[in-house]
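Novice: One structure follows; several queries about it will come next.
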Amino acid sequence: MAKTPRIIVVGGGLAGLSAVIKIAELGGQVDLFSIVPVKRSHSVCAQGGINAAKNLKGEGDSTFQHFDDSIYGGDFLANQTPVKAMCEAAPGIIDLLDRMGVPFNRTAEGVLDFRRFGGTLYHRTAFAGATTGQQLLYALDEQVRRFEDEGRVRKYEHWEFLSAVLDSKRTCRGICAMDLHSMEVRAFPADAVILATGGIGAIFGKSTNSVVCTGSAQSAVYQQGAFYANGEFIQVHPTAIPGEDKLRLMSESARGEGGRVWVPKQKGDKRDAKSIPESARWYFLEEWYPKYGNLVPRDVATRAIHKVVYEHELGIDGKPMVYLDLTHIDRNTLDRKLEGILEIYEKFVGDDPRDTPMKIFPGMHYTMGGLWVDFNQQTSIPGLFAAGECEYQYHGANRLGANSLVSCIYGGFISGPQALSYAKNAKALDANGCYDSERKRQEEINDRLMKSDGSENPFQIWRELGELMTKNCTVIRYNKNLEQTDAKLVELLERYRKINLSDRTMWANTSFVFTRQLLNMLQLARVVAKGAQLRDESRGAHYKPDFPDRNDEKFLKTTKAHFAPDADEPKFEYEPVDTSMIKPRPRKY
Amino acid sequence: MAERTIRLKIKRQAGPEAEARWEEFEVPYHAGMNVISAMMEIALRPVTKEGTATTPVVYDSNCLEEICGSCAMVINGRARMACSALIDKLDQPVKIEPLTKFPVVRDLAVDRGVLFENLKKLKAWIPLDGTYDLGTGPRMGQKVQEERYPLSNCISCTCCMEACPQFNDKTNFVGAAAISQVALFNDHPTGAMLKEERLRALMGDGGVHECGYAQNCVEVCPKGIPLTRSISRVAGQVMIQSIKDLFGT
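So the sequences go chain by chain: U and E. All residue numbers for the first sequence refer to the numbering used here, where the first residue is 723 and numbers rise by one. All residue numbers for the second sequence refer to the numbering used here, where the first residue is 706 and numbers rise by one.
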């Protein structure tokens, strides 16, 4: 009798939990690893909703239309076969979530309500108040808790993934992980491994992402030989609330209700916003785009704000911020139409946006790129799968709003059964030495870091990394700056070798853990920067003023980066894109 | 001009068995700072007010938007989320301590696993046959959504348990958060299929009767969840269930 396949899932967000549920249901045994208790994963931050062409509004929406919108929105860079399959599965996913008890908003007749979102003309987005991601994650978390209670799932919460365990044929046989309390390093055998480790926001210092979204796990397996695809495609949301600790989203509806974007004309104007007269304010969106004014499309608004701050150097108080002003609109109107989002601003900034102009700035929000996977969600390392934001497959050069939640769940639903069927057919491991040797390799890294006796503070290096990447690798990209960015990243990697840990204890040492992640962030940052440098065109979120047009002839291709250990740097190759169903056409909204 | 600074007083504890001690810090002020960014400043330069080198403060955090529930701690005497605790609105020195009702892991990080264990005991889930296609979920009015949605907003931060006088070693009380989840699942047509089991789990030691209606939970809940209302409703359901069980109907 064959033994029960044992699958490791790393990450407890929507993608990871979806995979866990499928595996447990199909009779597999799951070990689930997560840095935070899975209920606290970053998926909770999604607000708007989840897309599925249920066509419940009599509009004639179809899954093919959803597919076309997604491919067009992604500027034709996504492989079409998996995107089509995702769009076809989406209505069934919504039904399942509904059965799981997600408190979706309802219509008068008691069926699911749908709202409109960017990049489509249809009401295609199901939503649960303003916290759809939280509600979906909880529904999956509850089902996983049920399987945990039945003994099908074992959770390792407060554990950090360090590396994949690879055998002599470079096949994945398990993982190395570290207990974040005892700091113990252990190797865990598995018949297959699924990474569902989310986004990479921390590489940009401050982003809309959560603290755990460092990309460290993806980077670790990239450095072990897995391909990383389309790393240069980074989505920046035009209106985020800058914070001292992170960026928080401010909904586009603020501009929809008449909000005006401006900066003081005078560089370094120290006056309070309200005491700056009209004549001393520059409403740059209204001046540059008289037709659309403040309601230009997202990418245009994002680029304009970036330009004003970094090229004209007119950010408020010399900082990367501009005003989003609602104070000319009367309080009753604001309360009636925008109360929810104004409360978020009030809570975290402490100012009332009805009286004081909001300070906003585009914020790094999402990575379209990620680990390269095949149509079965398997990475280039056999036995290692990936699902969710940590892989590249569903969004091409730009993600449509409300497509991320569906891609996470769908990717999880594909990867789980695929990993299980891989595990059932996998050849037995002939020697067990790989577990010990990988554990030793990781322990040596820890020892070296603990003993490192230089002068560099890891948090300082991180701050510089974030500022560098935000400045040069987000909205507007110039080859000269990208080249300098990579040189600076090499320099930061040098300085990393001279790190000094202010905490050398071996118990719940969060700064030690962070310092380990930092090296992986620096290595992955090079993939983003160099990938951007090599792509001489503009496509989706990737914009180069020196190459303003899309160039299908040269760049309708997936970027694939692999780590060259001898050179300690990324090498690049390109792969044709599957455009078998929809012929690429110019993208003009 | 001297740089403006802020003062913090933080309770430190090296491990579960270690003695607690206080450390004071003075860090640069930035407009819009919250307690998290103040602790990020300490990590950048881990030195106490007296100039002694120390370690960065250990605490749990993740989303920093008051939706993941990680960063609960006691700030100036009140259980709350550190991410939404703005320095400008706090008296200084800002006094920061770990939650007191849970075992300390290190500094401000505590082990709140008990809540997740309680959710397991109370079967806080929908009994799903499987993830295969069984069509849509049960049809429900928007009113039901409006009843359930606020309860489903619970972020498991455990502030309600910290503030509750009845949540302690003596009573084994499960606490408001878990009871409110029972209300949430009992309200759902499919969830209600496990209603009796949930209610029976709340009859014995540590069950719903331990609540002393101090109302502290509602006051500290960062999400404004009507916790005492949930408790009264569930208490009523438990009573009816006990009578049914008694008479074997």
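A virtual CB, placed ideally from N, CA and C, is assigned to each residue, including glycine.
Distance cutoff 9 Å, beta carbons only. Does residue 955 of chain E sit that close to anything in chain U?
Specialist: Absent from the structure is residue 955 of chain E, since the part of chain E shown begins at 706 and ends at 954.
Novice: Chain U beta carbons: is any one of them nearer than 9 Å to that of residue 748 of chain E?
Specialist: By this cut-off, residue 748 of chain E is an interface position.
Novice: Within 9 Å (strictly less), CB to CB, does residue 935 of chain E reach chain U?
Specialist: For residue 935 of chain E, the answer is no, since every Cβ of chain U falls outside 9 Å of its Cβ.
Novice: How long is the line joining the alpha carbons of residue 820 of chain E and residue 1102 of chain U, rounded to whole angstroms?
Specialist: The straight-line gap from Cα to Cα measures roughly 40 Å.
Novice: Are any of the Cβ atoms in chain E nearer than 9 Å to that of residue 1069 of chain U?
Specialist: It does; some Cβ of chain E falls within 9 Å.
Novice: Give the DSSP-derived three-state secondary structure of residue 849 of chain U in the structure shown.
Specialist: Looking at residue 849 of chain U - three-state DSSP - the assignment turns out to be coil, as it is neither helix nor strand.
Novice: Please tell me whether residue 763 of chain E has its Cβ less than 9 Å away from any Cβ of chain U.
Specialist: Answer yes: the Cβ-Cβ gap between residue 763 of chain E and chain U drops below 9 Å somewhere.
Novice: Which residues, taken in chain order from the region 821-845 of chain U, show a beta carbon closer than 9 Å to some beta carbon of chain E?
Specialist: Within the region 821-845 of chain U, the qualifying residues are 821, 822, 823, 824, 825, 826, 827, 828, 829, 830, 831, 832, 833, 834, 835.
Novice: Among U:1202, U:1120, U:1155, U:754, which has the Cα closest to the Cα of residue 735 of chain U?
Specialist: Comparing Cα-Cα distances from residue 735 of chain U to each of U:1202, U:1120, U:1155, U:754, the minimum goes to U:754.
Novice: Listing by chain order, which chain E residues have their CB less than 7 Å from the CB of residue 767 of chain U?
Specialist: Per Cβ cutoff of 7 Å: 768, 770, 772.
Novice: Beta-carbon separation of residue 773 of chain U and residue 847 of chain U under 9 Å?
Specialist: Taking 9 Å as the Cβ cut-off, residue 773 of chain U and residue 847 of chain U qualify as a contacting pair.
Novice: Can you give me the Cβ contacts of residue 980 of chain U inside the same chain, cut-off strictly under 7 Å, excluding the 5 residues immediately before and after it?
Specialist: Taken in chain order, the residues that qualify are 1051.
Novice: Can you find a C-beta in chain U that's less than 9 Å from the C-beta of residue 956 of chain E?
Specialist: Nothing in the structure corresponds to residue 956 of chain E, since chain E is present only between 706 and 954.
Novice: Looking only at its chain, what residues have a beta carbon closer than 7 Å to the beta carbon of residue 748 of chain E, apart from the 5 residues adjacent to it on each side?
Specialist: Within the same chain, residue 748 of chain E has close Cβ partners 761.
Novice: Give every residue of the same chain whose Cβ lies closer than 6 Å to the Cβ of residue 891 of chain E, excluding the five residues on either side of it in the sequence, and list them in chain order.
Specialist: Cβ within range, chain order: 897, 900.
Novice: If you draw a straight line from the C-alpha of residue 803 of chain E to the C-alpha of residue 813 of chain E, how long is it?
Specialist: Using only the alpha carbons, I get a separation of about 4 Å.
Novice: Does residue 788 of chain E come within less than 9 Å of chain U when only Cβ atoms are used?
Specialist: Yes, because at least one Cβ of chain U sits closer than 9 Å to the Cβ of residue 788 of chain E.
Novice: At a CB-CB cut-off below 7 Å, which residues of chain U make contact with residue 830 of chain E?
Specialist: Correct list: 864, 865, 867, 868.
Novice: Taking the alpha carbon of residue 838 of chain E as the point to measure from, which residue in U:815, U:877, U:1003 has its own alpha carbon closest?
Specialist: Nearest of U:815, U:877, U:1003 to residue 838 of chain E, Cα basis: U:815.
Novice: Taking only beta-carbon atoms, is residue 725 of chain U less than 9 Å away from chain E?
Specialist: No, no contact with chain E.
Novice: To the nearest angstrom, how far is it from the Cα of residue 903 of chain E to the Cα of residue 886 of chain E?
Specialist: Roughly 10 Å between the two C-alpha positions.
Novice: Interface residues of chain U around residue 930 of chain E at Cβ under 7 Å?
Specialist: Residues of chain U passing the Cβ test: none, with the nearest at roughly 13 Å.
Novice: Beta-carbon of residue 726 of chain E versus every beta-carbon of chain U: anything under 9 Å?
Specialist: Chain U contact via Cβ: absent.
Novice: Leaving out the 5 sequence neighbours to the left and right, which residues in its chain are closer than 6 Å to residue 1239 of chain U when beta-carbon positions are compared?
Specialist: If we look at residue 1239 of chain U and ignore the five residues flanking it on each side, its Cβ neighbours are 936, 938.
Novice: Is the shortest distance between the beta-carbon of residue 1229 of chain U and the beta-carbons of chain E less than 9 Å?
Specialist: With 9 Å as the cut-off, residue 1229 of chain U counts as an interface residue toward chain E.
Novice: Considering Cα atoms alone, identify which of U:790, U:819, U:1205 is closest to residue 1135 of chain U.
Specialist: The shortest C-alpha separation from residue 1135 of chain U is found at U:819.
Novice: Hey, residue 1221 of chain U and residue 1178 of chain U: beta-carbon distance below 9 Å or not?
Specialist: For residue 1221 of chain U and residue 1178 of chain U, yes; Cβs fall inside 9 Å.
Novice: Can you pull out the residues from the region 791-803 of chain E whose beta carbon lies closer than 7 Å to at least one beta carbon of chain U?
Specialist: Taking 7 Å as the Cβ-Cβ cut-off against chain U, the residues of the region 791-803 of chain E that qualify are 791, 793, 794.
Novice: Is it buried or exposed for residue 1014 of chain U, if we count other Cβ within 10 angstroms and need 16 for buried?
Specialist: It is exposed - the Cβ of residue 1014 of chain U has fewer than 16 other Cβ atoms within 10 Å.
Novice: Tell me, please, whether the region 983-995 of chain U touches the region 1145-1157 of chain U by the rule of three or more beta-carbon pairs shorter than 8 Å.
Specialist: No: fewer than three Cβ pairs fall under 8 Å.
Novice: Does any residue of chain U have a CB that is nearer than 9 Å to the CB of residue 710 of chain E?
Specialist: No, its Cβ sits nowhere closer than 9 Å to a Cβ of chain U.
Novice: Whether or not the region 849-864 of chain U and the region 753-768 of chain U are in contact is what I'm after, with contact meaning three or more pairs of Cβ atoms, one per stretch, closer than 8 Å; do they touch?
Specialist: Output reads yes: the region 849-864 of chain U touches the region 753-768 of chain U.
Novice: So, is residue 706 of chain E buried or exposed, given that buried needs 16 or more other C-beta atoms within 10 angstroms?
Specialist: Legend: pLDDT at residue 706 of chain E = 48, less than 50; position of this residue unreliable, no value from coordinates given.
Novice: Quick check on residue 718 of chain U: does DSSP put it in helix, strand or coil?
Specialist: It is not possible to answer for residue 718 of chain U, since the shown part of chain U is limited to 723 through 1311.
Novice: Hey, quick one: how far does the alpha helix (DSSP H) through residue 716 of chain E stretch, first residue to last?
Specialist: Note, residue 716 of chain E: premise wrong, no alpha helix (DSSP H); beta strand (DSSP E) at 710-718.
Novice: Under 7 Å between beta-carbons, which chain U residues line up against residue 811 of chain E? List them in chain order, please.
Specialist: Those are 1229, 1230, listed as they occur along chain U.
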